[in-house]
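For the sequence shown, my numbering gives the first residue as 574, with consecutive numbering after it.
First up is the structure itself, then whatever we jot down about it.
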Amino acid sequence: MNREDFPLAEQTNYLDNGATTQKPIQVIERLNRFYLNENANVHRGVYKLSQLATEAYENSRTAMAHFIHCDTDEIIYTRGTTESINLAAFSFVEPLVKKGDEILISHMEHHSNIVPWQLVCERTGAVLKVIPVNDSGDLELVQLDELLTEKTRFLSLTHISNVLGTINPIKEIIAKAHKKGIPVLIDGAQAIARTSVNVRELDADFYAFSGHKMYGPTGIGVLYGKRTLLETMRPYQSGGDMIRRVTLEKTTWNDLPYKFEAGTPNIAGAVGLAEAVKYLEKAGMDNIEEYEQELLNYAEEKLKAIEGLKIIGDPQKRAAVLSFTLGDAHPHDIAHELSIKKIAVRAGHHCAQPLMNRFKVPATTRVSLGLYNTKEEIDLLVEALPEIREKFKL
Ligand code: PLP
């Protein structure tokens, strides 16, 4: 874990890791090497370059399976979390539900874990149910038993909130849902780079995440699915690579995971992502988690001491993500003023408008820390905020 490995993080005070992370030089150089030495299409050519590209692409899948503790053919490469959730919604959940059935999500979901379910409900007549969030920013789990009814067909839940930082007790929740025979998808977009994820231990049926939030390239992500479920599912997109045999009358599907990877995949993205996995494994997910908790505690204490600053929520367990309001200043003004001081934070609804409504705020400023951030960067932020508060006093 080395700040010097991240050229852009070194030049900026980058505190928007929840949106995307900066990339280590190892990932950047791996992408270069791929395009300089190995580029060809995969699974097709018998010539050397195609074999090299195929090997690099499939080795990436093996590395990813090792990283989250599953079998290689349970890793489906997608464009990112959003596509992974859409895939599960279309191929697994939609054929499973009928009018009056229920799909359960929570009030702290990112739009990409809300809208696909709304569309499934629209098309099937199923009903979307919601686990409430309390003032601390924790799920109201006392209501979970009532919400998991005989009509519930699926539960889709975030591991870590991208707004509040809440770490949900997903293992316990999955076990509860399974007791009633309900499969569960976990949105791991914010968790995958912050904590070690073992999908077998969690017993998650699906686990979705994005490469770009784990120090890898954009345009590549993962849907993990249990093989027994993936085997029964209809394809998501169709075309080349996902077929076994095509005649003009009928087509049969390829084996897992190719059944769900139609067309030329993001080969370079997968290769770069494997390098990010290597980086994270070398740094150690436990070390990353510990370091980010230290930064979080430091930031929380310092921010709390600022007059007029209100951190949204106080969950039982929080990852290094903090949303706040500051006096009368609009979050966009705060982010703009911080940008002038070369500090990058996020302002807005964070693709979680229902959660904003729940906390009765139109927007917040969000600080989300990563493995290369420092206490000095937090100090810069903390020094800048009182000035901004005064400037925008009504
Ligand atoms: N889910 C959560 C919790 C997120 O934070 C994000 C991105 O911010 C997403 C889903 C969507 O990820 P992507 O845009 O990479 O598909």
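Glycine included, each C-beta is placed from N, C-alpha and C at the ideal position.
Starting from residue i, trace the beta strand (DSSP E) in both directions and tell me its first and last residue.
i: G842; result: Looking at the DSSP string, G842 is not in any beta strand (DSSP E); the run it does join, the alpha helix (DSSP H), is I840 to A856.
i: A781; result: F779 to S783
i: T824; result: T824 to W826
i: L609; result: Careful: L609 lies outside any beta strand (DSSP E) and carries neither H nor E.
At what residues does the alpha helix (DSSP H) containing residue i begin and finish?
i: Y630; result: K621 to I641
i: I743; result: I743 to K752
i: V772; result: V772 to L775
i: L928; result: Q926 to R931
i: L803; result: R800 to T805
i: L720; result: L717 to L720
By DSSP's criteria, residue i is part of a beta bridge. Which residues make up the other side?
i: I676; result: L701 and F727
i: T739; result: R891
i: I884; result: F897
i: N586; result: I916
i: A766; result: None; A766 has no bridge partner.
i: A902; result: L899
Consult DSSP for residue i and reduce its assignment to one of helix, strand or coil.
i: D646; result: helix
i: V819; result: strand
i: L958; result: helix
i: L581; result: helix
i: S896; result: strand
i: A920; result: strand
i: R891; result: strand
i: D760; result: strand
i: T938; result: strand
i: T655; result: helix
i: K786; result: helix
i: A908; result: helix
i: A878; result: coil
i: V706; result: strand
i: Y797; result: strand
i: L714; result: helix
i: N870; result: helix
i: Y945; result: coil
i: A661; result: helix
i: I733; result: strand
i: Y809; result: coil
i: K596; result: coil
i: P668; result: helix
i: N686; result: helix
i: K832; result: helix
i: I601; result: helix
i: L953; result: helix
i: I861; result: helix
i: V615; result: coil
Any beta carbon of chain B sitting closer than 8 Å to that of residue i?
i: V600; result: The chain labelled as chain B is not found in the depicted structure, where only one protein chain is given.
Could you compute how far the alpha carbon of residue i sits from the alpha carbon of residue j?
i: Y809; j: E950; result: 43 Å
i: I816; j: T824; result: 7 Å
i: V894; j: A764; result: 11 Å
i: R931; j: G813; result: 44 Å
i: E723; j: P689; result: 22 Å
i: D776; j: E656; result: 22 Å
i: R767; j: N741; result: 13 Å
i: C694; j: V700; result: 6 Å
i: E822; j: P790; result: 39 Å
i: S623; j: F607; result: 12 Å
i: T938; j: R919; result: 6 Å
i: E956; j: Q595; result: 24 Å
i: P668; j: A638; result: 27 Å
i: A748; j: N575; result: 37 Å
i: E963; j: K877; result: 17 Å
i: L899; j: Q716; result: 33 Å
i: G845; j: Y650; result: 13 Å
i: F640; j: D906; result: 40 Å
i: P756; j: E867; result: 35 Å
i: W826; j: K875; result: 56 Å
i: I658; j: K966; result: 42 Å
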